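In the numbering used here, the protein residues as written are 108 to 307. Working notes, beginning with the structure itself.
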Amino acid sequence: MKNKNILVVVSLILVFITIYIIRDTYGLFESKNIMNTNTNIAKWNVLINGTDIKSGENFVVNSVNIVGSDSVKNGKMAPGTEGYFDILIDPTDTDTSILYSVTFDFTKVNGSFAIDRIEETTSGNLIRTGENTYSKVITLEEIKNKVTNTIRVYIKWNNVEENNEEDSKIGLTKDNFISIPVSVSVIQYLGEPVVEYQNE
């Protein structure tokens, strides 16, 4: 019986030691899981034609700079003239590389109007990524160097005889404007390839 009592006491002591070790181990494990971190978040502030956007912005271009013509009043557009408008992308207050895409909705433009060319005036390496979408990466290095991008869209008003009636309606409307809806999307660039549009 004495051996049995000793065995019970030793068993109880072992149980208490095991409980203490498990509790202490859990306490260490638990204390290592609790930690505070402080991380600075990259700033995201992109301006499109001076307007702050957060991810995407839609706007209508209704101001076209007319290339001089001897037969048309300065600042006015008529069949046979051409002009351009600019979209300024300014990410200089941003802490990440960006990929921007500019999409034009030319369905609202009269058939006499034609887009002559679209270019980025700083480096000229704008990539056509969709039928009416043009994209470009601005790297963090360029952003640190205060680089902005200007997309210039050249538009012509072709003198098409079949469109004379429609052209006259446009010309007879007082203070009429050419409106081209434009959508600009800006995302963080993580090094993914920018694929050029293949017109099929």
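Glycine included, each C-beta is placed from N, C-alpha and C at the ideal position. Nothing here was measured: the structure is a model prediction, and the numbers come from that model.
- When rounded, the separation of the alpha-carbon atoms in I245 and A221 is 28 angstroms.
- Distance check between S176 and each of L114, W264, V291 places W264 closest, using alpha-carbon atoms only.
- In the same chain as K183, and ignoring 5 residues on each side of it, the C-beta atoms closer than 7 angstroms to its own belong to I173, in chain order.
- Short of 6 angstroms from the beta carbon of T203, and not among the five residues preceding or following it, lie these beta carbons of its own chain, in chain order: A149, Q295.
- Ranked by Cα distance from V293, the first of I205, T210, G231, T240 is I205.
- Comparing alpha-carbon positions, the option among W151, V301, R259 lying closest to D200 turns out to be W151.
- Remark: three or more beta-carbon pairs, one from each stretch, lie closer than 8 angstroms, so the segment 251-261 and the segment 188-195 are flagged as touching.
- With a contact defined as Cβ atoms closer than 8 angstroms, S208 and T236 qualify at about 6 angstroms.
- Check the Cα spacing between I285 and each of P186, T210, N217: the tightest is with N217.
- Per DSSP, L297 lies in no alpha helix (DSSP H) segment and is marked neither H nor E.
- Assignment of T257 by DSSP, reduced to helix, strand and coil, places it in the strand class.
- The three-state secondary structure of S170, taken from DSSP, is coil.
- Here E272 carries a helix assignment [DSSP, helix/strand/coil].
- Annotation for E226: the continuous beta strand (DSSP E) segment containing it runs 220-227.
- DSSP, read as helix, strand or coil, puts I285 in coil.
- Relative to V291, the option among S242, V301, L114, L297 whose CA is nearest is S242.
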